[in-house]
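Colleague: Numbering (this note's numbering), first residue to last: 568 to 1106. Every residue, glycine too, gets a C-beta built ideally from N, C-alpha and C. To start, I am sharing the structure in question, which I have written as structure tokens.
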Ligand code: GLC
Ligand code: CA
């Protein structure tokens, strides 16, 4: 292994949900000047790459994932000048900036769709996916929207249905039309020319659909939660042809120095790895690895997930890990507040690029959203499952201080677009900045250790089998090694004390514990983890 690694391999990504990060003009919605005012905070966390969820013009039916113009900035968030300043200031601080690219669908307000729906013989008709009603006058087939109901909406004017895999204001583009492909590759070039460092590509696996529009088969393992799971989505997702398209996207990136692309991929290992492509036909630099999010949080299960993923990575593919994003309940809510530090320690010490979600560095929890405040389409469309699929709770305003609106907007501003979580008076950046043992202090220390120790950023990974079944069921331990530097990570997933029974002996040096209270020499042969404790040691 050479020490020469690229920024997207050694770095740490921080996802900002722009509506919720910081509101500079007091309209209750976060914006680019708000982000700018907190760039030093982000840099001082030890973050190296900022990812912005969509900032483009949008009628916000899916809060920006319904794009009405791919090459402009939503006035709600600021101007193109604000963006240029943000990009320059991010670079000025030695960080990278990546944007969210949403190629699968546009907004129904996008001029392309307005043209397409205007008549059957419009030149852009075929830019979207239009189908006649079935012979009995009903839906063209049984395809479903991820957000509830059918994936087809009837257009009275032209008498056909159009496809939308999300809300009906998000019509799917037709990538079997070469003009569409060219238009989207040009969108990528537009931002790359500006100096953007890459893209997170939304629902990357959905861009190609079955040309025969066959019905999808029933899913025998459906859990009954939400209609979408009723079918096996073999004709709307992960089609072989999508890989050809992603390879073309990669070629666009590769025409510019040092850019990267990460695909949104909720997939098991065998399918996930395909999104890296092959050495001859590379695709994404990272295929998001969400396995820690979608699996139960227990030591033996997580140990297996990490080992299996490491073993499945193709030669040359760089690993990555994610523990939170704008579509998933908060880390501290899913894992429990007592496990938030263990979760962050795992995320930031595994091999591969970590992606952190704003607010997880202070342990923000899901906010309580009163019914009248619910805004997220899956929660509105499937009220009985709002608590499962609703994404408002993990999108509440960033908790900067104990001031009004948690410092997200200045006092006296409009009510934020989502309510501030109840615990902001005590759980906020300002309070944690003053406390040397806070989660924030822990997060910063951990990231600084990651950034200065090559064993953590680029070293190898090897898990340890502990000496007895209770230890293996309760704790997960692994070694990261680079040249002669060896670091040990040991994490307790339980409320009990766990004697580790390590297959190691001698004295190790404690670098950091989750409680920030166990530094200095520690004897490996008798090492015991406290409840919910994680330790990082130098061997
Ligand atoms: C992705 C986004 C999600 C969005 C959906 C449709 O899953 O992460 O927020 O609703 O795509 O664009
Ligand atoms: Ca604003």
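Is it true that the region 945–958 meets the region 971–988, where meeting means three or more beta-carbon pairs spaced less than 8 Å apart?
Modeller: No contact exists between the region 945–958 and the region 971–988.
Colleague: Under a three-way DSSP split, which group does residue 570 fall into?
Modeller: Note that residue 570 scores 49 on pLDDT, short of 50, meaning its location in the model is unreliable and no value can be drawn from it.
Colleague: By the 10 Å Cβ neighbour count, where 16 or more other Cβ atoms means buried, how is residue 713 classified, buried or exposed?
Modeller: Buried is the call here.
Colleague: Give a yes or no on contact between the region 1078–1098 and the region 887–898, applying the rule of three or more CB pairs nearer than 8 Å.
Modeller: At 8 Å Cβ cutoff, the stretches do not touch.
Colleague: For residue 630 versus residue 640, is the C-beta spacing smaller than 9 Å?
Modeller: Not in contact: residue 630 and residue 640 (Cβ atoms no closer than 9 Å).
Colleague: Might you give, ordered along the chain, the residues of its own chain that have their beta carbon closer than 6 Å to the beta carbon of residue 1062, omitting 5 neighbours on each side?
Modeller: So the list reads 1098, once near-sequence residues are dropped.
Colleague: Can you tell me whether residue 718 is helix, strand or coil according to DSSP?
Modeller: The answer is coil: DSSP assigns residue 718 none of H, G, I, E or B.
Colleague: If residue 732 and residue 699 are in contact, beta carbons under 8 Å, what's the gap, nearest whole angstrom?
Modeller: Not really, about 19 Å apart at Cβ, beyond 8 Å.
Colleague: In three-state DSSP terms, what is residue 893?
Modeller: Residue state, collapsed to three classes: coil.
Colleague: How would you label residue 1027, buried or exposed, when you count the other beta carbons within 10 angstroms and need 16 or more for buried?
Modeller: When all chains shown are included, residue 1027 counts as exposed.
Colleague: Tell me which residues share the same chain as residue 666 and place their Cβ nearer than 7 Å to its Cβ, disregarding the 5 neighbours each side in the sequence.
Modeller: Excluding residues within five positions, the ones whose Cβ falls inside 7 Å are 619, 758, 763, 766.
Colleague: Is it a yes or a no for the region 830–849 touching the region 875–891, going by three-plus beta-carbon pairs under 8 Å?
Modeller: Result yes; three or more Cβ-Cβ pairs closer than 8 Å.
Colleague: Per DSSP, what kind of secondary structure is residue 582 in: helix, strand or coil?
Modeller: Of the three classes helix, strand and coil, the one that applies to residue 582 here is strand, per DSSP.
Colleague: Could you compute how far the alpha carbon of residue 1004 sits from the alpha carbon of residue 595?
Modeller: Approximately 32 Å between the Cα atoms of the pair.
Colleague: Pairs of beta-carbons, one from the region 1040–1056 and one from the region 858–875, closer than 8 Å: are there three or more?
Modeller: Touching, per the Cβ criterion.
Colleague: By Cβ distance, which residues of its chain are closer than 8 Å to residue 572, with the 5 residues on each side in sequence left out?
Modeller: Once the five neighbours on either side are set aside, the close Cβ partners of residue 572 are 1024, 1025.
Colleague: Return the chain-ordered list of same chain residues with a C-beta closer than 7 Å to the C-beta of residue 938, the five sequence neighbours on each side being excluded.
Modeller: Within the same chain, residue 938 has no close Cβ partners at all.
Colleague: Measure the CB-CB distance between residue 916 and residue 1013 and report whether it falls below 9 Å.
Modeller: Cβ atoms of residue 916 and residue 1013: closer than 9 Å.
Colleague: Just to be sure I understand the criterion: a residue counts if its Cβ is closer than 5 Å to at least one heavy atom of ligand 2. Which residues meet that?
Modeller: Qualifying residues come out as 590, 592, 594, 596, 598.
Colleague: Please report how far the alpha carbon of residue 983 lies from the alpha carbon of residue 704, in whole angstroms.
Modeller: Cα-Cα distance, rounded: 45 Å.
Colleague: Quick check on the DSSP output: the alpha helix (DSSP H) that includes residue 601 runs from which residue to which?
Modeller: Looking at the DSSP string, the run of the alpha helix (DSSP H) that includes residue 601 is 599–604.
Colleague: Just the residues with CB closer than 5 Å to a heavy atom of ligand 1, in chain order, which are they?
Modeller: Cβ atoms closer than 5 Å to ligand 1 belong to 629, 632, 733, 769, 770, 894.
Colleague: Taking just the CA atoms, how far does residue 610 sit from residue 1054?
Modeller: Cα-Cα distance, rounded: 25 Å.
Colleague: Within a Cβ cutoff of 6 Å, which residues of the same chain sit near residue 614, ignoring the five residues on either side of it in sequence?
Modeller: 579, 581, listed in sequence order.
Colleague: Which residues in the same chain have their Cβ closer than 8 Å to the Cβ of residue 886, if we skip the five residues on either side of it in sequence?
Modeller: Result list for residue 886: 856, 876, 877, 880, 917, 918, 919, 920, in chain order.
Colleague: Could you give the distance in angstroms between the alpha-carbon of residue 583 and the alpha-carbon of residue 590?
Modeller: Cα to Cα, residue 583 sits roughly 13 Å from residue 590.
Colleague: May I have a chain-ordered list of the beta strand (DSSP E) segments no shorter than 3 residues that lie completely inside the region 975–1054?
Modeller: As far as the region 975–1054 is concerned, its whole beta strand (DSSP E) runs of at least 3 residues are 1027–1030, 1042–1049.
Colleague: Return helix, strand or coil for residue 1090, following the three-state DSSP convention.
Modeller: Strand at residue 1090.
Colleague: Can you tell me whether DSSP reads residue 632 as helix, strand or coil?
Modeller: Here residue 632 sits in coil by DSSP.
Colleague: Which residue comes first and which comes last in the beta strand (DSSP E) that contains residue 1080?
Modeller: Counting along the chain, the beta strand (DSSP E) containing residue 1080 begins and ends at 1074–1080.
Colleague: Measuring only the C-alpha atoms, how far is residue 617 from residue 603?
Modeller: Rounded to whole angstroms, residue 617 to residue 603 spans 11 Å at the Cα level.
Colleague: Going by DSSP, which residues form a beta bridge with residue 638?
Modeller: Per DSSP, none; premise fails for residue 638.
Colleague: Can you grab the Cα-Cα spacing for the pair residue 635 / residue 675, in whole Å?
Modeller: Residue 635 and residue 675: Cα-Cα distance of roughly 7 Å.
Colleague: Do residue 768 and residue 851 have their C-beta atoms within less than 9 Å of each other?
Modeller: Cβ atoms of residue 768 and residue 851: closer than 9 Å.
Colleague: So, with DSSP's three-state summary, where would you put residue 863?
Modeller: The answer is coil: DSSP assigns residue 863 none of H, G, I, E or B.
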